[in-house]
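Asker:
Encoded structure:
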């Protein structure tokens, strides 16, 4: 693991201190994408992640289907 930089093998303190069902890489990806979404979509994504009850999400393919649709991730 490398601190700072870019890529899946790097980490940041802020990404490690969240209460999300996402690994560090996915937390950083969502932090970059959420601000460009409209407020209703952003809130829906937050609600889905808050209510998510499953294993840690480590890739886009593992995101709940509704989030992938909202974010146009196929």
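Numbering (our numbering), first residue to last: 247 to 320. Ideal placement from N, C-alpha and C gives every residue a C-beta, glycine not left out.
(1) For my contact list, residue 273 and residue 280 are in at a C-beta cut-off of 8 Å; report their separation, rounded to the angstrom.
(2) Which whole-angstrom value is the C-beta distance of residue 308 and residue 294, which I expect to be below 8 Å?
(3) Buried or exposed: which applies to residue 247, given that a residue is buried once 16 or more other Cβ atoms fall within 10 Å of its Cβ?
(4) Between residue 269 and residue 316, how many whole angstroms is the CB-CB distance? I'm expecting something under 8 Å.
(5) Starting from residue 306, trace the alpha helix (DSSP H) in both directions and tell me its first and last residue.
Answerer: The relevant details are as follows:
(1) In the chain shown, residue 273 corresponds to position 27, counting from 1. In the chain shown, residue 280 corresponds to position 34, counting from 1. Actually they do not touch by this definition, with Cβ atoms about 11 Å apart.
(2) Walking along the chain shown from the start, residue 308 turns up at place 62. Walking along the chain shown from the start, residue 294 turns up at place 48. The pair is not a contact, with the Cβ atoms about 13 Å apart (cut-off 8 Å).
(3) Start at 1 with the first residue of the chain shown, and residue 247 comes out as number 1. With a pLDDT of only 49 at residue 247, under the threshold of 50, the placement of this residue in the model should not be trusted; the figure read from the coordinates follows. Residue 247 comes out exposed.
(4) Numbered from its first residue, the chain shown carries residue 269 at position 23. Numbered from its first residue, the chain shown carries residue 316 at position 70. Contact flag wrong, Cβ pair sits at about 20 Å.
(5) The residue you call residue 306 lines up with position 60 of the chain shown. Premise fails: residue 306 is in no alpha helix (DSSP H) and is neither H nor E.
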